[in-house]
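Okay, so here's the structure we're looking at.
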Amino acid sequence: MRRPAILLAFTLILAPSPAFAEDDVTAREAFGIAKELGTAEAWEAYLKRFPNGFHADVARGYLKKLGREVEADAPVAARAAVAGKLGPNADLEGASLVPKDSFWRQDISGAPVDRNSARILARIGDKPLHPDFGAVWEGAPIGIPYVVVDGAQKRTPVVFTYAEESDPGPYPIPPDAPIEGGAKADGDRHVIVLDRDNSMLYELFNAFPQRDGSWKADSGAIWNLAKSNQTRPAGWTSADAAGLPILPGLVRYDEVVGAGAVEHALRFTLSKTRRAYTPPASHWASDATDPALPPMGMRVRLKANYDISKFHPQVQTILKALKTYGMALADNGGDNFVSGAPDPRWDPDVLRQLKRVTTKDMEVVEMKTIVTGDK
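When the letters of the sequence shown are read in order and numbered with mature numbering (1 follows the signal peptide of the UniProt record, and there is no 0), they come out as residues -21 to -1, 1 to 354.
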């Protein structure tokens, strides 16, 4: 290893000078050097110079793994553009995609239990958690895929079925954008595009590519990831039934295995929901008005006293997130289906351990506001 040369380069890069943008080549070089050194001192030095953005989040993750105390990331206004690799399901190196004060990253471990928790969970039934992600099943990747592009990606028109509740295009969808379930799928067919240079997220529901390069979709939403709690207008859907973004709630391999931490709430589905939502959700997808049914956006968490010590370390990482951040009800689907991104490295035998956790091990977090469509 060229350690003396690397140390010299690292010293030069971190020498006092005007601040660089997170996606500046100097920041990327410094990150690469700190990663090669692999010491807590190197990561701390990096964060002194580049405290904000994607790579800063990753650096904090490495510091945590080295047992160092880590300060919270900088205010939202100071955050810089997302950076990282490009392409389908590109490795995001364990970084959280939203600011620390986002709904998705809110620590709800100490929040009050909702007064109707027992009633709602009883209505759901004692169903196991189901990992709705993995490697491959019947020739298609399991999970909701995404693609990372840069700011120069060509934009293409999108025609929406529900244009009145969709953000108009064009969208920067590359030709190799993966479709949930595969090109011939007849399911939700989500298409998710992350613009790393502009920190923008583009999501489509029931999306179909057209011969002329354009797309057709039922609905679509554009999210500015630098905004901590961007929401849809009341009553609007997004690419998800609840009106929430999808990508920030997915379990990713680079988080669970690479960073060893999932620092956000997870997305999940239930088969029966109420004609209601709780903010920041903005939309319901049901005609049922039974108050014992769960509203869209409902947050549940794993009970604090649930023993996770006998699970595989990867599953422990996911269960820790469920204790700290919980999971948000985002769509109608399989009961307790937990969403994630596909990755060929997922081990189905490991993920199957999640099924040992059932509804009775959960509790509903207090819902201060519930918007209903009761007739």
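Just so you know, even glycine gets a beta-carbon here, dropped at the ideal spot from N, CA and C.
What does the Cβ neighbour count give for residue i, buried or exposed, with the cut at 16 atoms within 10 Å?
i	result
T351	exposed
N203	exposed
T268	exposed
Q189	exposed
G214	exposed
S178	buried
R98	exposed
G199	buried
Y285	exposed
D52	Low confidence applies to D52: its pLDDT is 49, below 50, so where it sits in the model is not reliable, and the reading given next is rough at best. Counting Cβ neighbours within 10 Å, D52 comes out buried, since at least 16 surround it.
E48	exposed
E342	buried
S288	exposed
P78	buried
E159	buried
A300	buried
D233	buried
D167	buried
S81	buried
A24	buried
D165	exposed
S265	buried
T18	exposed
A60	Unreliable positioning characterises A60 in this predicted model, as indicated by a pLDDT of 46, which lies under 50. A coordinate reading is not provided.
T296	buried
T140	exposed
A142	exposed
M(-21)	Reliability fails at M(-21), whose pLDDT of 42 lies under 50, so the model's placement of it is uncertain and the value that follows must be treated cautiously. Counting Cβ neighbours within 10 Å, M(-21) comes out exposed, since fewer than 16 surround it.
Using CA coordinates, which residue listed in the options is at the minimum distance from residue i?
i	options	result
V241	D146, A205 and K44	K44
G89	K302, K334, V127 and L333	K302
E144	Q295, A221 and G40	A221
G192	M179, N208 and P153	P153
I349	A271, L65, V126 and D129	A271
A69	G11, P157, K347 and Y25	P157
N208	P327, Q85, L173 and Y181	Q85
A38	S75, I287 and K64	S75
G122	A131, D111 and D129	D111
G40	A142, V236, R168 and A164	V236
H169	R175, K163, D176 and E182	E182
residue 393	T216, R231, D340 and K299	Because the chain is modelled from -21 through 354, residue 393 falls outside the range shown and cannot be assessed.
D146	T216, D165 and Q295	T216
V127	L180, V138 and K163	L180
R175	L16, H262, A131 and K163	A131
L71	A205, K206, T210 and L229	L229
S250	A13, A9, R102 and I87	R102
L26	A9, A142 and A205	A9
W194	A205, I171, L42 and E15	I171
R246	A205, R231, I201 and I225	I225
R331	D310, K347 and F290	F290
D310	A205, L42 and T252	T252
When you compare the CB positions of residue i and residue j, do they come within less than 7 Å of one another, or not?
i	j	result
F184	A218	yes
P149	P136	yes
T338	L100	yes
A238	G73	yes
L223	P273	no
G312	A244	no
K133	N315	no
A35	F29	yes
A196	G161	no
W325	P227	no
Q293	V329	yes
Y125	L65	no
A108	L298	A small correction: the amino acid at residue 108 is Leu; Ala does not occupy that position in the sequence shown. No; because the gap between Cβ atoms is not below 7 Å, this pair is not in contact.
P212	D155	no
I87	V344	yes
Measuring from the CB of residue i, is there a heavy atom of the ligand MN at a distance below 6 Å?
i	result
H262	The ligand MN is not among the ligands present in this structure, which contains no ligands whatsoever.
Taking three-plus beta-carbon pairs below 8 Å as touching, is the stretch 267 to 282 in contact with the stretch 318 to 326?
no
For the stretch 268 to 308, which segments carrying the beta strand (DSSP E) assignment without a break, of at least 3 residues, lie completely within its bounds, in sequence order?
278 to 281
Does the contact criterion of 3 or more C-beta pairs under 8 Å hold for the stretch 251 to 262 versus the stretch 106 to 120?
no
Touching by the beta-carbon criterion (3+ pairs, under 8 Å), the stretch 259 to 279 and the stretch 82 to 100
yes
Could you pull out every unbroken beta strand (DSSP E) segment of at least 3 residues lying fully inside the stretch 58 to 115, listed in chain order?
109 to 111
Which whole runs of the alpha helix (DSSP H) in the stretch 120 to 170 are 4 residues long or more, in chain order?
none
Write down every uninterrupted run of the beta strand (DSSP E) in the stretch 315 to 345 whose length is 3 residues or greater and which is fully enclosed by it, in chain order.
316 to 318 and 341 to 343
Quick one: which unbroken beta strand (DSSP E) runs of 3-plus residues sit fully inside the stretch 239 to 270? Chain order, please.
245 to 249
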